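First the structure, in the form of structure tokens, and then the observations on it.
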Amino acid sequence: MYLEFKAFSYILIGVSFLGIALGVVLGAYFKSNGFDYLIYISAFLAAIGSAMVIIGAFKKDD
Numbered sequence: 003m004y005l006e007f008k009a010f011s012y013i014l015i016g017v018s019f020l021g022i023a024l025g026v027v028l029g030a031y032f033k034s035n036g037f038d039y040l041i042y043i044s045a046f047l048a049a050i051g052s053a054m055v056i057i058g059a060f061k062k063d064d
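Mapping of the sequence shown onto the working numbering: residues 3 to 64, in sequence order.
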């Protein structure tokens with residue numbers, strides 16, 4: 003399987019967004035701090051990251 007740079011960059015950025023979202027959720031859970039609004043932002047980041055990974059995986063640059 004050969005990926006073009008555009009598809010690879012979509013996947014890489016999507017995985018980065020997913021990692022940030024997971025870090026925010028786990029950090030808020032373990033620290034029990036008052037950053038409840040960051041949980042909603044992380045859900046939005048997780049949705050964008052998942053969509054970018056899917057788009058990058060299905061992108062054909064033939």
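Backbone N, C-alpha and C define an ideal beta-carbon position, used for all residues, glycine too. These numbers come from a predicted model, not from an experiment.
Inset, instruction - Could you spell out where the alpha helix (DSSP H) holding leucine 20 opens and where it closes? - result: Here residue 20 refers to the residue found at position 18 of the sequence shown. Run containing leucine 20: 7-33, per the alpha helix (DSSP H) assignment.
Legend entry - Integer Cβ distance of glycine 26 from serine 44, believed to fall under 8 Å: As a working mapping, residue 26 is identified with position 24 in the sequence shown. As a working mapping, residue 44 is identified with position 42 in the sequence shown. For the sequence presented, residue 26 should be read as valine rather than glycine. Confirmed, about 4 Å.
Inset, instruction - Taking the CB atoms as reference points, tell me whether leucine 24 and alanine 48 lie closer together than 9 Å. - result: The residue you call residue 24 lines up with position 22 of the sequence shown. The residue you call residue 48 lines up with position 46 of the sequence shown. In this structure, alanine 48 lies closer than 9 Å to leucine 24 by Cβ.
Legend entry - Contacts around phenylalanine 32, its chain only, beta-carbon distance under 8 Å, and the 5 residues preceding and following it disregarded: In the sequence shown, the residue the question calls residue 32 occupies position 30. Hits under 8 Å: none found.
Inset, instruction - Measure the C-alpha to C-alpha separation of phenylalanine 60 and isoleucine 41 and round it to an integer number of angstroms. - result: Residue 60 sits at position 58 when you count from the first residue of the sequence shown. Residue 41 sits at position 39 when you count from the first residue of the sequence shown. Their Cα atoms are separated by approximately 29 Å.
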